[in-house]
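Presented below is the structure to which this report refers.
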């Protein structure tokens, strides 16, 4: 289904003279890229601290 929508979108873009955007990452490559980013690692650490903290002050202590 996704492939069909992409083909339709590309055809309409071509008729309109718009640039057709190439697919940047496969799902597997994107997952590798995402997990290696600093932003992802920071989110994981913050989520862990939130789960382990009962109060906001407790969270702030653990975050330091």
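Numbering (the working numbering), first residue to last: -5 to 58. Here a beta-carbon is modelled for each residue, glycine too, at the ideal position from N, C-alpha and C.
{"query": "Are residue 46 and residue 37 closer than 8 Å when you measure CB to CB?", "result": "no"}
{"query": "Among the candidates 35, 0, 25, whose CA atom is the shortest distance from the CA of residue 14?", "result": "0"}
{"query": "If you drop the 5 nearest sequence neighbours on each side, which residues of the same chain put their C-beta closer than 8 Å to that of residue 27?", "result": "19"}
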